[in-house]
Structure formats: C-alpha cells, structure tokens
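Position in the sequence shown (from 1) plus 102 gives the number in the numbering used here.
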Amino acid sequence: MPLFRYHITHGSETKTVELRKSNPQGWLLDAVRATFPEVATRRGGDVMRLRLETVDGVKQSWRAALHDEPSGLLIQVAETRG
Numbered sequence: 103m104p105l106f107r108y109h110i111t112h113g114s115e116t117k118t119v120e121l122r123k124s125n126p127q128g129w130l131l132d133a134v135r136a137t138f139p140e141v142a143t144r145r146g147g148d149v150m151r152l153r154l155e156t157v158d159g160v161k162q163s164w165r166a167a168l169h170d171e172p173s174g175l176l177i178q179v180a181e182t183r184g
C-alpha cells in the first residue's frame, strides 16, 4: 500500500502527517484530524467534500484548499516511497 505525506497549513502553521492508505482522497479528514483536530471537528463535512487536484508538472502530487475564517486550510499531498 502506498505511503502519502500530507502537508497541511492552517494560518501560518504547517504540520505533516504520513498515512499508508490505498488513495490520498479518501483520507483527507483523517489527515486533518491528525494535524488540526479543531478544524476537523468544526469543518469535517467541508473537508470530506474537498477534491484533490493534481499539481501541474509534479508527478504523484495533489492539493486542495478550504477557505476558513480567519485563515484558510491548504492541503498538499505527495506519494512517497515507503
């Protein structure tokens, strides 16, 4: 099973979590819950509706963004060799 590294930025703070899952999309809420549990609790439904978009020119890399007051949530995912 592949290993995905999630870099999640909320405000000016970035945290990283690695999850060994079958695909990166279905585990966004788990990644947010592991890094910013308060955002996962407050905006869990919105996180579940996010869709990862491929990053142009970067193989096996995706991103998604959630506009959240007072600061946004940026999720960047890359498949790593594990």
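Glycine included, every Cβ here is placed at the ideal spot set by N, Cα and C. These numbers come from a predicted model, not from an experiment.
| message | Measuring only the C-alpha atoms, how far is Leu175 from Met150? | response | If you take the alpha carbons of Leu175 and Met150, they lie about 13 angstroms apart.
| task | Compare the Cα-Cα distances from Glu181 to each of Gly113, Glu115, Ser124 and report the closest residue. | result | Ser124
| task | Provide the residue span of the alpha helix (DSSP H) that contains Gly131, from first to last. | result | First, the residue type needs correcting, since residue 131 is Leu and not Gly in the sequence shown. Its alpha helix (DSSP H) spans residues 130 to 137.
| query | Which of helix, strand or coil does DSSP assign to Arg151? | reply | Helix, per DSSP.
| For Arg144, the nearest candidate out of Ser114, Val119, Leu168, Gln178 (CA to CA) | Leu168
| If we count Cβ pairs, one from each stretch, closer than 8 angstroms, do we get three or more for the segment 156 to 163 versus the segment 128 to 140? | no
| For Gln162, the three-state DSSP class (helix, strand or coil) | coil
| query | Can you check whether the CB of Leu105 is closer than 9 angstroms to the CB of Glu115? | reply | No; because the gap between Cβ atoms is not below 9 angstroms, this pair is not in contact.
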